[in-house]
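Engineer: Below is the structure I would like to discuss, written out as structure tokens.
Chains as they are written, first to last, in the numbering used here: chain A, 4 to 353; chain P, 2 to 301; chain U, 154 to 491.
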């Protein structure tokens, strides 16, 4: 990766840490174990730890475990080469024991790629259910473990009612369990229940995070998500195609904030509590596309409903993050416009 | 009786089916069955059969390199690219079941002997295993084969997520192998998934364009080739012997699976596993001077 | 007024009717007329799409890229569309060069139960900034719940719309209303319909699709297409306008385009032959018609019986070779009976 890309990401980490690092002090001189460590979440966590170590003397050692590291070595070789980072290649379902010095676990192994959920729902579900179980069994044996952070998903809530402005952690949601599309969220729900069971029976200290949507570096632009589609279309010179009437509402968080929030929840989150992680600022896809267009020279054209006027009932997915804001004093260091600009410049720098 | 020690990398359907076939062979001994997911049913099955297992991937072989002479790689093309340099350094013979195309393309009925000296042997594709022997029979009976096209229909249930996402690799590998091994000038491969219930057996049709078709010689050559394949793929059967129709030679074969680890309709998976085991047995004989004592010894 | 996007596959599906022998001159002439009439998408190619020229389904008179380049040059408003079936056409050999030649809309097709074969092709088209559709062929062979699940797969891969094809011409309007209605209610992307006329229902089926919520409809000039042909475009436009839909298509100009196609593209106007009725009832892909006719004559068996047996075997599009096997088998049975 070019140094320019590294600089963008490091600046992002500094901005997220600008409010001070004292809340994260419990991490000093400790060992963190991350499953799914070479994915989007793991890579950003590692960037943040690297910044804490390099610029604030935190001396955290990170072990990243993943099935594959191919892409990680290509896109983040500066992380893979660090002395304070160890990469272990292993399927999370095969975990029997963890390094005895492990004090913190962030369990992020699972693919959020909905193409995989569609083509290999069995594999996607299996990794979540059996991977989480293997990690919990191993965590029980650790003598120095301080917290197990389970990365769940904002999708566990199912459909957000249109008249609900934002989803709070107490919303039980609804999913059609007989629908194969529910495989991923149902598995994530079960993983949360499994965590509750281990907490109850084995007294493990576990917090859960429910991430929503992100936009930023390290997100492959090939993912068929509205945000990545729009940015890719814009970078190709447009037009940016918005399906339907563009009234669907989503919110996007920049990943350096995500990483900062995760570390805070890891350190200070209450056991048994789930925390939404995302941006509370919902925008329509029409507005989102317009903001992206504004960030590209020549302002690419935006097309609506080119494939027919069919207007599906607009959907909405916005988290209520007041719990993180009030209990953990977390906020955003990067707003949507800045997130878009930085994502585009990171992707343009190859 | 001495046997060739083999390891199997990959605990999915192909790997597990290879394990069952290997255990039946009097020339091979599976000394290690390797996966990545401790909780996979393939590892559980191997364990229940008393075969040593590991879930530590290629590392398991790196740590005990002397345990085996030959490795079947039944993982994925991407993984094989990582595995081959490691196995090469360890001096292993590798039979590659993935479409990675790093090694010599092998269809035992056609080029078993020339593959005996190779260290990385690629088993092409199911369609290639079924059709290339026929293409060679046509080539043997005609001076010039300008074009060969093969169409394979397989039961949808026999195609897992990896097959479905890799149709392009299937097509390209099969086309390349057709030209390389049969000597035709141009080739095309088509793959069709058929969801009919009950499941269809794998069926492959070969079309060829030749100058001056000689059906009589062609039929004789195809009959000989059919026997050669049947020696290691019991369910291989010519159902339409060479005919000349609409300006092209047409031959059709059906492949029924042995039903080892996979259902009998999965002839497409069976044929490539049968071919791989046949190749490993030939290597066992040649390199280690093992005398054949198998039920299908003659012809091997 | 509700709007229907009209896609014209005359120069693709029509190739089935002509043994894939349409030439560049014919293509350019018709594409210009269709474009001038206001059709949204002009589809071009071998009947089975990119990379499908083969002994199995028939060889094209001209290369894919020659067709695409020539038609690209004459389209002023309409988008240039292609059909591609994974298993026939690959990204490297066929889709990549087609996109470089200026294709706007990539319609990635699979048998109606095998949508997960389309993931990479749909993804590639989207990555290149092109419009990607998912197409489910032979859709009469699956229940609506199965179709919905396959459509959801395509949506997850990035398909921006899905089209149900009645490839065998087997539907009655009630079947179409049920399936299209179910998809339109449950999907968030637009739904389309592509009819065949084996049972004389293509226009009625297309109208039913529009009423049930389809916003994309396919039709070709005089119905030029596989078997008994597609939905005749000029009739479909007239009917849609009569029903109060807007299409952006000028009726007189599309009538002119159909006349031009009749004069310059077709040796004979598509009709519902007796054989295509048998084919529609058997639920066999309309593209089999020419192959079945040929092998039935060669082996002296009744082509309708060949269709019936193919229907029993539940063959899918692309299994044209099985017609030979069936004809040989029927001939042998006939021999035994004698």
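For each residue, glycine too, the CB sits at the ideal point set by N, CA and C.
(1) Is there a C-beta anywhere in chain A that falls below 8 Å from the one on residue 229(U)?
(2) Quick one: Cα of residue 378(U) to Cα of residue 166(A), how far?
(3) Since residue 153(P) and residue 192(P) should fall inside the 8 Å C-beta cutoff, what is the C-beta to C-beta distance between them, to a whole number of angstroms?
(4) Return the CA-CA distance between residue 470(U) and residue 291(U), expressed in angstroms with no decimal places.
(5) Any C-beta of chain U sitting closer than 8 Å to the C-beta of residue 206(P)?
(6) Under 8 Å between the Cβ atoms of residue 361(U) and residue 392(U)?
(7) What does the Cβ neighbour count give for residue 472(U), buried or exposed, with the cut at 16 atoms within 10 Å?
(8) Which residues of chain P have a Cβ atom closer than 9 Å to the Cβ of residue 74(A), listed in chain order?
(9) Just to confirm my understanding: we take residue 222(U), look at its own chain, exclude 5 residues before and 5 after, and list those with CB closer than 7 Å. What are they?
(10) Could you say which of 51(A), 27(A), 40(A), 39(A) lies nearest to residue 16(A) if we only look at CA atoms?
(11) Based on Cα-Cα distance, which residue from 200(P), 50(P), 110(P), 205(P) lies nearest to residue 267(P)?
(12) Using a threshold of 8 Å, state whether the C-beta atoms of residue 242(U) and residue 204(U) are closer than that.
(13) Any idea what DSSP makes of residue 59(P), helix, strand or coil?
(14) Can you say whether residue 17(P) is buried or exposed, counting buried as having 16 or more other CB atoms within 10 angstroms of its CB?
(15) If you drop the 5 nearest sequence neighbours on each side, which residues of the same chain put their C-beta closer than 8 Å to that of residue 7(P)?
(16) Near residue 297(P), which residues of its chain fall below 6 Å by C-beta distance, leaving aside the five closest residues on each side in sequence?
(17) Under three-state DSSP, which class holds residue 74(P)?
(18) Under 8 Å, do residue 98(P) and residue 75(P) count as touching if we go by C-beta distance?
(19) Shorter than 8 Å from the beta carbon of residue 349(U) to some beta carbon of chain P?
(20) Using the three-state DSSP reduction, which class does residue 409(U) fall into: helix, strand or coil?
(21) Looking at the C-beta of residue 332(U), does it have a partner C-beta in chain A at a distance below 8 Å?
(22) Using 8 Å as the threshold, is the stretch 317–335 of chain A in touch with the stretch 158–173 of chain A, meaning 3 or more CB pairs across them?
(23) Identify each residue in the stretch 310–338 of chain U for which the Cβ-Cβ distance to at least one residue of chain A is less than 9 Å, and report them in chain order.
(24) Between which two residues does the alpha helix (DSSP H) containing residue 5(P) stretch?
(25) Helix, strand or coil, according to DSSP, for residue 314(U) in the structure here?
(26) To the nearest angstrom, how far is it from the Cα of residue 27(A) to the Cα of residue 20(A)?
(27) Which term fits residue 373(U), buried or exposed, when burial requires 16 or more other beta carbons within 10 angstroms of its beta carbon?
(28) Answer yes or no: does any C-beta atom of chain U fall closer than 8 Å to that of residue 247(P)?
(29) Please list the residues of the stretch 26–49 of chain P that have a C-beta atom closer than 7 Å to any C-beta atom in chain A, keeping them in chain order.
(30) With a threshold of 8 Å between beta-carbons, can residue 143(A) be considered close to chain U, or not?
(31) Which of helix, strand or coil does DSSP assign to residue 89(A)?
(32) What's the C-alpha gap between residue 59(A) and residue 49(A)?
(33) Beta-carbon within less than 6 Å of residue 185(U)'s beta-carbon, same chain only, minus the 5 sequence neighbours each way: which residues are those?
(34) Cα separation between residue 15(P) and residue 120(P)?
(35) By Cβ distance below 7 Å, which residues in the same chain neighbour residue 233(A) in space, the five residues on each side in sequence not counted?
(36) Have a look at 288(P), 270(P), 285(P) and flag the residue whose alpha-carbon is nearest the alpha-carbon of residue 124(P).
Structural biologist: In brief:
(1) As a working note, residue 229(U) is residue 76 in the third chain. So no, residue 229(U) is outside the interface.
(2) Taking the first residue of the third chain as 1, we reach residue 378(U) at position 225. Taking the first residue of the first chain as 1, we reach residue 166(A) at position 163. Separation of residue 378(U) and residue 166(A) (C-alpha to C-alpha, rounded to the nearest whole angstrom) is 49 Å.
(3) Against the second chain, residue 153(P) aligns to sequence position 152. Against the second chain, residue 192(P) aligns to sequence position 191. Going by Cβ atoms, the distance from residue 153(P) to residue 192(P) rounds to 5 Å, so yes, they are a contact pair.
(4) The sequence position of residue 470(U) within the third chain is 317, counting from 1. The sequence position of residue 291(U) within the third chain is 138, counting from 1. So the two alpha carbons sit approximately 7 Å from each other.
(5) As a first step, residue 206(P) is located in the second chain; it is residue number 205 there, counting from the start. Interface residue, yes.
(6) By one-based count along the third chain, residue 361(U) stands at place 208. By one-based count along the third chain, residue 392(U) stands at place 239. Cβ distance not < 8 Å, so residue 361(U) and residue 392(U) don't count as in contact.
(7) Along the third chain, read from residue 1 onward, the residue named residue 472(U) stands at position 319. Note on residue 472(U): 16 or more other CB atoms within 10 angstroms of its CB, so buried under the neighbour-count rule.
(8) On the first chain, position 71 is the one that residue 74(A) refers to. Around residue 74(A), no beta-carbon contact reaches into chain P at under 9 Å, the shortest distance being about 11 Å.
(9) As a working note, residue 222(U) is residue 69 in the third chain. Cβ within range, chain order: 254.
(10) In the first chain, residue 16(A) corresponds to position 13, counting from 1. 51(A) is the residue among 51(A), 27(A), 40(A), 39(A) whose C-alpha sits nearest the C-alpha of residue 16(A).
(11) To locate residue 267(P), count along the second chain from 1; it is residue 266. Measuring from the Cα of residue 267(P), the nearest candidate turns out to be 200(P).
(12) Taking the first residue of the third chain as position 1, residue 242(U) is located at position 89. Taking the first residue of the third chain as position 1, residue 204(U) is located at position 51. In contact: residue 242(U) and residue 204(U) (Cβ atoms closer than 8 Å).
(13) Walking along the second chain from the start, residue 59(P) turns up at place 58. Assignment of residue 59(P) by DSSP, reduced to helix, strand and coil, places it in the coil class.
(14) By 1-based counting over the second chain, the position of residue 17(P) is 16. Buried, because 16 or more other Cβ atoms sit within 10 Å of the Cβ of residue 17(P).
(15) Counted from its first residue, the second chain places residue 7(P) at position 6. The answer, listed in chain order, is 23, 29, 30, 31, 32, 69, 70, 71, 72, 73, 281.
(16) The residue you call residue 297(P) lines up with position 296 of the second chain. Since pLDDT at residue 297(P) reaches only 45, below the 50 mark, its modelled position is unreliable, and no value is offered.
(17) By 1-based counting over the second chain, the position of residue 74(P) is 73. In the three-state scheme derived from DSSP, where H, G and I count as helix and E and B as strand, residue 74(P) is classed as strand.
(18) Locating residue 98(P) in the second chain gives position 97, counting from the first residue. Locating residue 75(P) in the second chain gives position 74, counting from the first residue. Yes, they are a contact pair.
(19) Residue numbering aside, residue 349(U) sits at position 196 when the third chain is read from its first letter. For residue 349(U), the answer is no, since every Cβ of chain P falls outside 8 Å of its Cβ.
(20) On the third chain, residue 409(U) is found 256 positions in, with the first residue counted as 1. Three-state result, residue 409(U): helix.
(21) What you label residue 332(U) is simply residue 179 of the third chain in a count that begins at 1. With 8 Å as the cut-off, residue 332(U) does not count as an interface residue toward chain A.
(22) Short answer: they touch.
(23) 310, 311, 312, 313, 314, 337
(24) On the second chain, residue 5(P) is found 4 positions in, with the first residue counted as 1. Segment 5–10 is the beta strand (DSSP E) holding residue 5(P); no alpha helix (DSSP H) there.
(25) Locating residue 314(U) in the third chain gives position 161, counting from the first residue. Reduced to three states, the DSSP call for residue 314(U) is strand.
(26) One-based indexing of the first chain puts residue 27(A) at position 24. One-based indexing of the first chain puts residue 20(A) at position 17. Looking at the two C-alpha atoms, the distance is approximately 10 Å.
(27) Locating residue 373(U) in the third chain gives position 220, counting from the first residue. With 16 or more other Cβ atoms within 10 Å, it is buried.
(28) Counted from its first residue, the second chain places residue 247(P) at position 246. Closer than 8 Å: yes.
(29) 37, 38, 39, 40
(30) Residue mapping note: residue 143(A) aligns to position 140 of the first chain, counting from 1. No, residue 143(A) lies away from the interface with chain U (no Cβ there is under 8 Å from its Cβ).
(31) In the first chain, residue 89(A) corresponds to position 86, counting from 1. Here residue 89(A) sits in strand by DSSP.
(32) Position 56 of the first chain holds residue 59(A). Position 46 of the first chain holds residue 49(A). For residue 59(A) and residue 49(A), the distance between alpha carbons rounds to 15 Å.
(33) Numbered from its first residue, the third chain carries residue 185(U) at position 32. Excluding five sequence positions before and after residue 185(U), the CB atoms of its chain that fall closer than 6 Å to its own CB belong to 227, given in chain order.
(34) As a position in the second chain, residue 15(P) is number 14, starting the count at 1. As a position in the second chain, residue 120(P) is number 119, starting the count at 1. Looking at the two C-alpha atoms, the distance is approximately 21 Å.
(35) As a first step, residue 233(A) is located in the first chain; it is residue number 230 there, counting from the start. Excluding sequence neighbours, residue 233(A) sits near 243, 291, 292, 295.
(36) As a position in the second chain, residue 124(P) is number 123, starting the count at 1. Taking only the C-alpha atoms, the option nearest residue 124(P) is 270(P).
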